[in-house]
Amino acid sequence: MTPVVKKLTFVSRDLGINADLLLTFDDQPIAELYKNYYPSAFAVRKFGAKGTYRSDVVYRSQLAFTKVVVSGDVIQSASTEVPIDVGQSTILTLEDDIYRFSHPKTDSTVPKNNIQCTNNVPFEEDIGVGFIETDGEAPKTTLVWRGVRHEQKLNVEFIPILRGYIGTDYKEDSLIKGPIKSDHLFFDRDLTTLNKHTTWVITYDKTTRVFSIDEETRSEVQDL
2 MTPVVKKLTF VSRDLGINAD LLLTFDDQPI AELYKNYYPS AFAVRKFGAK
52 GTYRSDVVYR SQLAFTKVVV SGDVIQSAST EVPIDVGQST ILTLEDDIYR
102 FSHPKTDSTV PKNNIQCTNN VPFEEDIGVG FIETDGEAPK TTLVWRGVRH
152 EQKLNVEFIP ILRGYIGTDY KEDSLIKGPI KSDHLFFDRD LTTLNKHTTW
202 VITYDKTTRV FSIDEETRSE VQDL
């Protein structure tokens, strides 16, 4: 199946205040969020008070498991990864100090709408889930499970609901260790419902001190 690609362009024009936009996939159906697994700060984009700023974010539905290296609650790297499709399973092994994911295979034991990874390493391991923006490139890890036990089967249903927060202190690729206050939330969209390319305008009301992120219509773009 050909992966679905969605491109979002965030833009500000004379915003009136400097702002950091944190984008993350922290709305997931899997239990024990912030206990056994954590969303990452998928992207952090900066927008200045004066002038026009643009930043693109791309989502592609090709999922992947990653063997992440986490230090100080920040994703440092992924030593290896494997693209995987819904309904498939893979096994993580360690031989001669080299991690390896087995070639994914269709597996009837995988729960509906899930991907599965079994940790066959005789230690607890950190395992990530993300997606590959472009074939041949490293995946962008969006969720991280800490301390996956030996022989534990990790079943994941990834829901591409992207949320945007303004006014947090998170840096890109850091793990979000707890819920972010709702008054920082200004963007919440299921990416599967969007057109292939959408533009979102960030504005700031100086009177109420409230940000807004609204989709820019085609006619608005043509009028600029």
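Residue numbers (my numbering): 2 to 225.
A virtual CB, placed ideally from N, CA and C, is assigned to each residue, including glycine.
#1: Assign residue 19 to one of two classes, buried (16 or more other C-beta atoms within 10 Å of its C-beta) or exposed (fewer than that).
#2: Spell out a yes or no on whether the segment 108–116 and the segment 81–100 are touching, meaning 3 or more CB-CB pairs, one atom from each, closer than 8 Å.
#3: For residue 8, collect the residues of the same chain with a Cβ closer than 7 Å to its Cβ; drop the 5 residues on either side in sequence, then sort them by chain order.
#4: Quick check on residue 104: does DSSP put it in helix, strand or coil?
#5: I'd like to know whether the C-beta atoms of residue 65 and residue 173 end up nearer to each other than 8 Å.
#6: Is residue 239 helix, strand or coil when you go by DSSP?
#7: Would you grab the beta carbon distance between residue 145 and residue 69 for me? Rounded to a whole angstrom, and I think it's under 8 Å.
#8: Looking only at DSSP bridge pairs, what is residue 200 linked to?
#9: If we require 3 or more residues per run, which beta strand (DSSP E) segments fall completely within the segment 41–120?
#10: Taking the alpha-carbon of residue 143 as reference, which of 150, 218, 158, 97 has the nearest alpha-carbon?
#11: DSSP state of residue 16, grouped into three classes?
#12: Which one of 188, 163, 192 has the shortest CA to CA distance from residue 202?
#13: Rounded to whole angstroms, how far is the Cβ of residue 161 from the Cβ of residue 193, which I believe are closer than 8 Å?
#14: Just mark residue 46 as buried or exposed, buried being the case when its beta carbon has 16 or more other beta carbons within 10 Å.
#15: What residue ranges within the segment 118–198 form continuous beta strand (DSSP E) runs of no fewer than 3 residues, ordered along the chain?
#16: Let's test the definition: count the other Cβ atoms within 10 Å of the Cβ of residue 141 and tell me whether it reaches 16, buried, or not, exposed.
#17: Helix or strand or just coil, what does DSSP make of residue 31?
So, from the data block:
#1: exposed
#2: yes
#3: 57, 59, 197, 198
#4: coil
#5: no
#6: Limits of the chain in this structure are 2 at one end and 225 at the other, which puts residue 239 out of reach.
#7: 6 Å
#8: 10
#9: 44–48, 53–61, 64–72, 75–85, 89–96, 99–102, 116–120
#10: 158
#11: coil
#12: 188
#13: 6 Å
#14: buried
#15: 126–132, 141–149, 154–157, 162–167, 186–191
#16: buried
#17: coil
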